[in-house]
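In my numbering, the protein residues as written are 10 to 562.
Where a beta carbon is used, it is the ideal one built from N, C-alpha and C, also for glycine.
As the structure is a computational prediction, the values presented were derived from the model and not from experiment.
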């Protein structure tokens, strides 16, 4: 009982113990914030890898492989496995390098994926990544409802104010946003579109031709690729593209890419040996833009329909005639040689496979290998199982994932060593307090307190300091992590400081969640550090002679 009462009295009666609790709070907050950001970064990496390509990729780059439709059927037939179905869906894909010419004339290399929209959606979360869609509620940071997608109709409901002489920067930004919103909605109205129709265009990767009414194959760009979308905290502001005329003057275009924008894509077909055969340019309308939250993908990736890429890269089904011609008999009379028509089946470079759970990745991988081995045995013209590239999404990103894990471990070790200063601070404070409370220790011993009880008093006091510091530290860490993106935005607006550059750190947003297991581990470590710091002073107090302690001046 006396241990609890004295611990509370000592904790609230002096400033130095509160300084020790503050040190514990700052150290625990520092470790938990670092762990949350880096651990969240790794978690986002793992989730993003699976979201983009599924669990397993069966690939043969460059020339690709045939009969992929049958392979897809065999893989999806695993859903009917009598005891242990592991595969949920499969989708064919061609991934190739291309050059894109954007509105305004900018040219940049991209990674182009030709996919079948329906099966691609089953394997990935493609539909959820389409950015231009109708939304009913503002996004988390859109406090003023500035997002274009909130407008349900094609008539802008708010008046667009004229510029005032004393217009502030904030008022100017708001006026420009309203003007552009009005322009975009007028473009949608002119082309008979709505946010719902643009979303449907993205799902099908097609767009209606205004002149003929026919639907044309279209392309879906990463949200950062066109450089026309300025990322703000609450939404994307779509700027008008401009072109330079012959005099070098910039002319703004009345274009909103998903409504009336087009891009030119240059493909580079290759031979079976990988040499360049030709370059083919196609003009494709833009159906929508996607946002994965991964800057590297959003900045250099585009999607279009599989049949478009197959036709341009000469990977579609082709028919050729073998034999034929004119022969001569021994008697000198000519005759027609027999000919045979051969069908070369269409090819793809990859088949993406989604399994039942990321936790069973090894089992899904082995099932895919077994299914492909049976498939290859029935088709001698496809690569053998021994050489076919069958990899999990972890294998494809192994180097980067391991580097992040190692870096996270190194940083945590360094910060843990820095946090050990709290141990020595508690040690110094408790050593001083034991000397100061020598008479109190003598009185307690004279009243019958045991050596173990005296040691327990100081250790319980240390635990109280640790618990107080940990509670404050965990609260501080949670507040910072939950609001870390808003904090970065404030620093950027106020001091022009950009801590998290998406071009460097891969993701657009800073991870902003705390793992409860990490919080428990940090809390236990903080209390243990306080107990270690108080251990030697507690032993010293327990070994004091009560007579000498009572005579202490």
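| Residues near residue 287 by beta carbon distance below 7 angstroms, same chain, minus five either side | Counting from 1 along the chain shown, the entry for residue 287 is found at position 278. Taken in chain order, the residues that qualify are 278.
| Selection from 485, 506, 498 that minimises the alpha carbon distance to residue 37 | Residue mapping note: residue 37 aligns to position 28 of the chain shown, counting from 1. Taking only the C-alpha atoms, the option nearest residue 37 is 485.
| task | With DSSP as the reference, label residue 154 as helix, strand or coil. | result | Translated into positions along the chain shown, residue 154 becomes position 145. Coil.
| Is the region 470–482 touching the region 530–540 in the sense that three or more CB pairs, one from each, lie closer than 8 angstroms? | yes
| said: By the three-class DSSP mapping on this structure, what secondary structure does residue 391 have? | reply: For the purposes of this step, residue 391 is taken as residue 382 along the chain shown, with counting starting at 1. Residue state, collapsed to three classes: coil.
| Using the rule of at least 16 other Cβ atoms within 10 Å of the residue's Cβ for burial, across every protein chain shown, is residue 93 buried or exposed? | The residue labelled residue 93 in the question sits at position 84 within the chain shown. Result: exposed.
| What are the partner residues of residue 400, as DSSP defines its beta bridges? | Here the question's residue 400 lines up with position 391 in the chain shown. DSSP, once it has assigned bridges, lists 66 as partnering residue 400.
| field | beta-carbon residue 350 near the ligand ATP non-hydrogen atom, thresh 7 angstroms | value | Ligands are entirely absent from the displayed structure, and the ligand ATP is therefore not among its contents.
| task | Ignore the nearest five residues each way along the sequence and tell me which others in residue 164's own chain have a CB closer than 8 angstroms to its CB. | result | Position 155 of the chain shown holds residue 164. With a pLDDT of 42 at residue 164, under the threshold of 50, the modelled position of that residue is not reliable, and the figure given next carries that caveat. Within the same chain, residue 164 has close Cβ partners 194, 198.
| query | Where does residue 1 fall in DSSP's three states? | reply | Residue 1 lies beyond the stretch modelled for the chain, which goes from 10 to 562, so this question has no answer here.
| said: Can you tell me whether residue 71 is buried or exposed? The criterion is at least 16 other CB atoms within 10 Å of its CB, across all chains shown. | reply: Here residue 71 refers to the residue found at position 62 when the chain shown is read from its first residue. Flag for residue 71 reads exposed.
| said: Alpha carbons only, please: which of 224, 303, 216 is nearest the one belonging to residue 296? | reply: By one-based count along the chain shown, residue 296 stands at place 287. By alpha-carbon distance to residue 296, the top candidate from 224, 303, 216 is 216.
| What are the boundary residues of the alpha helix (DSSP H) that includes residue 544? | If you number the chain shown from 1, residue 544 lands on position 535. Unbroken alpha helix (DSSP H) run through residue 544: 525–551.
| query | When you compare each of 74, 157, 139, 42 to residue 145 by their alpha carbons, which one comes out closest? | reply | Mapped onto the chain shown, residue 145 falls at position 136. Nearest in C-alpha terms to residue 145, of all of 74, 157, 139, 42, is 157.
| Using 8 angstroms as the Cβ pair cut-off and three pairs as the minimum, do the region 385–400 and the region 414–428 touch? | no
| Based on the DSSP secondary-structure assignment, which residues constitute the bridge partners of residue 122? | Within the chain shown, the letter at position 113 stands for residue 122. According to DSSP, which records beta bridges pairwise, residue 122 is partnered with 104, 312.
| field | Three-state secondary structure assigned by DSSP to residue 113 | value | Residue numbering aside, residue 113 sits at position 104 when the chain shown is read from its first letter. In this structure, residue 113 counts as coil in the three-state DSSP scheme.
| task | Within the same chain, show all residues whose beta-carbon is closer than 7 angstroms to that of residue 235, passing over the 5 residues directly before and after it, in chain order. | result | Stepping through the chain shown from its first residue, residue 235 is reached at position 226. 111, 266, listed in sequence order.
| Apart from the five residues on each side of it in sequence, which residues of its chain come closer than 6 angstroms, Cβ to Cβ, to residue 311? | For the purposes of this step, residue 311 is identified with residue 302 of the chain shown, where counting begins at 1. So the list reads 119, 121, 228, 230, once near-sequence residues are dropped.
| What did DSSP end up calling residue 406 once you bin it into helix, strand or coil? | In the chain shown, counting from the first residue as 1, residue 406 sits at position 397. Three-state DSSP puts residue 406 in coil, outside helix and strand.
| task | Would you check if the region 27–37 and the region 425–445 touch, i.e. whether three or more CB-CB distances between them fall below 8 angstroms? | result | yes
| query | Which residues bound the beta strand (DSSP E) around residue 201? | reply | Sequence index remark: in the chain shown, residue 201 carries index 192 (1-based). Residue 201 -> no beta strand (DSSP E), and no H or E assigned at all.
| task | Using a threshold of 8 angstroms, state whether the C-beta atoms of residue 100 and residue 124 are closer than that. | result | Locating residue 100 in the chain shown gives position 91, counting from the first residue. Locating residue 124 in the chain shown gives position 115, counting from the first residue. Contact flag set, yes.
| message | Could you check whether residue 461 and residue 551 sit closer than 8 angstroms to each other, using their CB atoms as the reference points? | response | As a position in the chain shown, residue 551 is number 542, starting the count at 1. As a position in the chain shown, residue 461 is number 452, starting the count at 1. Yes.
| task | Have a look at residue 58 and residue 51 and give me their C-alpha separation to the nearest angstrom. | result | Against the chain shown, residue 58 aligns to sequence position 49. Against the chain shown, residue 51 aligns to sequence position 42. If I take the Cα positions, the gap works out to 11 angstroms.
| query | If you check the beta carbons only, do residue 26 and residue 474 fall under 8 angstroms apart? | reply | As a working mapping, residue 26 is identified with position 17 in the chain shown. As a working mapping, residue 474 is identified with position 465 in the chain shown. The Cβ atoms of residue 26 and residue 474 sit closer than 8 angstroms to each other.
| Straight-line CA distance for residue 324 to residue 127? | Translated into the one-based positions of the chain shown, residue 324 becomes position 315. Translated into the one-based positions of the chain shown, residue 127 becomes position 118. Taking the straight line from one Cα to the other gives about 20 angstroms.
| request: Compute the distance between the beta-carbons of residue 360 and residue 77, then report whether it is under 8 angstroms. | output: Taking the first residue of the chain shown as 1, we reach residue 360 at position 351. Taking the first residue of the chain shown as 1, we reach residue 77 at position 68. Contact: yes.
| task | For residue 74, write down the residues that DSSP places opposite it in a beta bridge. | result | Residue mapping note: residue 74 aligns to position 65 of the chain shown, counting from 1. Note: residue 74 sits in a beta bridge opposite 357.
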